[in-house]
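Sequential numbering from -4 applies to the sequence shown in the numbering used here.
Notes follow the structure.
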Amino acid sequence: MKTECTLRVRTYECDGYGHVNNANYLNYLEFARYEFLRDIGFDYLKAVEKGYGMYIARIEIDYKMPAFTDDNLVIKSNPIKKGAVSGTIAQQIWRNDDLLIEAKVTWAFVDSKGAPAKIPPEFDLPGLKP
């Protein structure tokens, strides 16, 4: 399943060069992953309440072009790998027809102690699979 969400670049996210600081893209990607989970019906707060979480194990980002204040961005997210405990989501950030960012985010499902845990059936949703 591929999902999309949008956001507008705010002034305070830009650096001295006038474009979005590279670290802020991590926030954009996290916002979009949460929206992705919501869109596929994954109840993140319920998972946390039951003692689970989804930790980020790795993020690979290729910066293609900068974004600027007031740019309207579209963030596309889709799963590309899924195992019993972890998976990978591909994400792209677009401004109109311009691809700004490509990322691969590897996550792991964990228990209340932060140890890797097999995803319980109630949270192992079809939308997590490629």
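No residue lacks a Cβ here, since even glycine has one placed at the ideal position from N, Cα and C.
Residues bridged to residue i [DSSP beta-bridge criterion]
i	result
Ile75	Beta-bridge pairing links Ile75 to no other residue.
Ile35	Paired residue(s): none; Ile35 is not in a bridge.
Tyr50	Ala103
Tyr58	Ile96
Phe63	His14
Val69	Thr1, Trp89
Thr83	Lys76, Thr101
Proximal residues to residue i (C-beta, below 6 Å), its chain only, five neighbours per side dropped
i	result
Asn19	Glu8
Gly122	Met(-4), Ile35
Thr(-2)	Phe31, Asp34, Ser72
Close Cβ partners of residue i (< 8 Å) along its chain, the five nearest in sequence each way excluded
i	result
Leu68	Thr1, Leu2, Arg3, Val4, Tyr23, Ala62, Ile88, Trp89, Arg90, Leu95
Asn16	Glu8, Cys9, Asp10
Tyr58	Asn17, Tyr20, Leu95, Ile96
Assigned secondary structure, residue i (DSSP; H/G/I helix, E/B strand, else coil)
i	result
Arg90	strand
Gly109	coil
Residues of its chain near residue i, where Cβ-Cβ distance is below 7 Å and the 5 sequence neighbours each way are ignored
i	result
Ala112	Tyr47, Val80, Phe104, Val105, Asp106
Leu120	Ile35, Gly36, Phe37
Val100	Leu24, Arg28, Ile51, Ile54, Thr83, Ile84, Gln86
Lys124	Pro74, Lys77
### Task
Evaluate the contact criterion for the segment 70 to 77 versus the segment 3 to 18: three or more CB pairs, one atom per stretch, below 8 Å.
no
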